[in-house]
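Numbering (my numbering), first residue to last: 599 to 813.
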């Protein structure tokens, strides 16, 4: 991670993965509406995707004030002040989420990049519950990051990464796709696809389904 003089943070992983993520989002996102990005980090993804999808309003968020300052600095640097709103102070685990009216009313999709493995299990649970509550019927929650499949890591490097994460914080770690599916079982949401991404990552695409009961 590096930082410029204007509060912009630069995360090397963002530069490596944004093209692949953007190409997949081309096939998934609607033409109009609000996309809420959770844990936006530096904001590099946010401004990249706002430029790539001009018909959408990309709402970035992050609980870290340094990250929010970076997001807002990137928005200014990209000349998107009149297009993108300022980053929201939003912690995925703190329910209920407090979203501005225009974001809540116009929400079309959610995107979450590289969060679940560096947060407690309760963060994943809160993300799914809030997505169920807030997305419209057929709305998508798109989750990118490292995952295990059927209990197995997708590479030796992911296994080593998982071990290092758990050493840093026992609550962290690479989640299993099957565990996500188990969390979805009682909810009005299902995983409709799983995409292999560069550098041993996956993208899970979850879709909100119409139901009478609330989460």
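Every residue, glycine too, gets a C-beta built ideally from N, C-alpha and C. All values derive from a computational prediction rather than experimental measurement.
Throw me the rounded Cβ distance for the residue 792 and residue 775 pair, which I believe falls under 8 Å.
Walking along the chain shown from the start, residue 792 turns up at place 194. Walking along the chain shown from the start, residue 775 turns up at place 177. Right, the Cβ-Cβ distance comes to about 6 Å (below 8 Å), so this counts as a contact.
Return the Cβ separation of residue 684 and residue 641 in integer angstroms, given the expectation that the two are a contact with Cβ distance under 8 Å.
Reading the chain shown from its first residue, position 86 is the one you call residue 684. Reading the chain shown from its first residue, position 43 is the one you call residue 641. Rounded to whole angstroms, the Cβ separation of residue 684 and residue 641 is 11 Å, and the two are not in contact under 8 Å.
Please work out which residues of its chain come closer than 8 Å, Cβ to Cβ, to residue 695, disregarding the five sequence neighbours upstream and downstream, and give them in chain order.
Within the chain shown, the letter at position 97 stands for residue 695. Only 688, 728 and 732 meet the Cβ criterion.
Closest by C-alpha distance to residue 723, when choosing among 693, 738 and 617
Reading the chain shown from its first residue, position 125 is the one you call residue 723. Comparing Cα positions, the closest option is 693.
Kindly provide the ranges of any beta strand (DSSP E) runs that are 3 or more residues long and lie completely inside the stretch 713–779, ordered along the chain.
DSSP assignment within the stretch 713–779 yields the following whole beta strand (DSSP E) runs of 3 residues or more, N-terminal first: 738–743.
Let me check understanding here. Comparing Cα to Cα, which of 629, 627 and 745 lies closest to residue 795?
Translated into positions along the chain shown, residue 795 becomes position 197. When each option's Cα is compared against that of residue 795, the closest is 745.
Between the CA atoms of residue 630 and residue 778 - distance to the nearest angstrom
Along the chain shown, read from residue 1 onward, the residue named residue 778 stands at position 180. Along the chain shown, read from residue 1 onward, the residue named residue 630 stands at position 32. Taken atom to atom, the span from the alpha-carbon of residue 778 to that of residue 630 is near 28 Å.
Residue 652 classed as buried or exposed, judged by whether at least 16 other C-beta atoms fall within 10 angstroms
What you label residue 652 is simply residue 54 of the chain shown in a count that begins at 1. Result: exposed.
Using a Cβ-Cβ cutoff of less than 6 Å, which residues in the same chain neighbour residue 672 once the five nearest sequence positions on both sides are dropped?
Your numbering for residue 672 matches position 74 in the chain shown. Cβ contact annotation for residue 672 (same chain, cutoff 6 Å, sequence separation greater than five): 606, 641 and 645, in chain order.
If you follow the beta strand (DSSP E) that residue 798 is in, where does it begin and where does it stop?
The residue given as residue 798 occupies position 200 in the chain shown. Segment: none, residue 798 is in no beta strand (DSSP E) and carries neither H nor E.
Would you call the stretch 781–791 and the stretch 753–760 in contact, with 3 or more CB pairs under 8 Å?
Taking one beta carbon from each stretch, the stretch 781–791 and the stretch 753–760 have fewer than 3 pairs nearer than 8 Å; the two do not touch.
Hey, could you find the ends of the alpha helix (DSSP H) residue 701 is sitting in?
For this step, residue 701 is matched to residue 103 along the chain shown. Residues 699–704.
Reduced DSSP category for residue 803 - H, G, I as helix; E, B as strand; rest coil:
Translated into positions along the chain shown, residue 803 becomes position 205. Note: residue 803 maps to strand in three-state DSSP.
Could you check the C-alpha separation between residue 717 and residue 675 for me, to the nearest Å?
Within the chain shown, residue 717 is the residue found at index 119, counting from 1. Within the chain shown, residue 675 is the residue found at index 77, counting from 1. Whole-angstrom Cα-Cα distance: 30 Å.
Collapsed DSSP secondary structure at residue 631 in the structure displayed:
Within the chain shown, the letter at position 33 stands for residue 631. In the structure shown, residue 631 falls within a strand segment according to DSSP collapsed to helix, strand and coil.
Is residue 801 closer than 7 Å to residue 622 when the C-beta atoms are compared?
As a working note, residue 622 is residue 24 in the chain shown. As a working note, residue 801 is residue 203 in the chain shown. Contact check for residue 622 against residue 801 passes: the beta carbons are separated by less than 7 Å.
Just to check my reading of the structure: residue 743 and residue 714 have Cβ atoms closer than 8 Å, yes? What is that Cβ distance to the nearest angstrom?
Along the chain shown, read from residue 1 onward, the residue named residue 743 stands at position 145. Along the chain shown, read from residue 1 onward, the residue named residue 714 stands at position 116. Sure, about 6 Å apart at Cβ, within 8 Å.
Report the three-state DSSP secondary structure of residue 810 (helix, strand or coil).
Counted from its first residue, the chain shown places residue 810 at position 212. Confidence is the limiting factor: at residue 810 the pLDDT is only 43, short of 50, which leaves the residue's position unreliable, though a coordinate-based value still follows. DSSP places residue 810 outside both helix and strand once states are collapsed to three, so it counts as coil.
How about residue 735 and residue 789: do their beta carbons lie closer than 7 Å?
As a first step, residue 735 must be located in the chain shown, where it is residue number 137. As a first step, residue 789 must be located in the chain shown, where it is residue number 191. It is not a contact, given that the beta carbons lie outside the stated cut-off.
When you compare only the Cα positions, how much space is there between residue 707 and residue 738?
Residue mapping note: residue 707 aligns to position 109 of the chain shown, counting from 1. Residue mapping note: residue 738 aligns to position 140 of the chain shown, counting from 1. Here the C-alpha atom of residue 707 lies approximately 5 Å from the C-alpha atom of residue 738.
Using CA coordinates, which residue listed in 625, 648 and 730 is at the minimum distance from residue 808?
Numbered from 1 along the chain shown, position 210 holds the residue referred to as residue 808. Measuring from the Cα of residue 808, the nearest candidate turns out to be 730.
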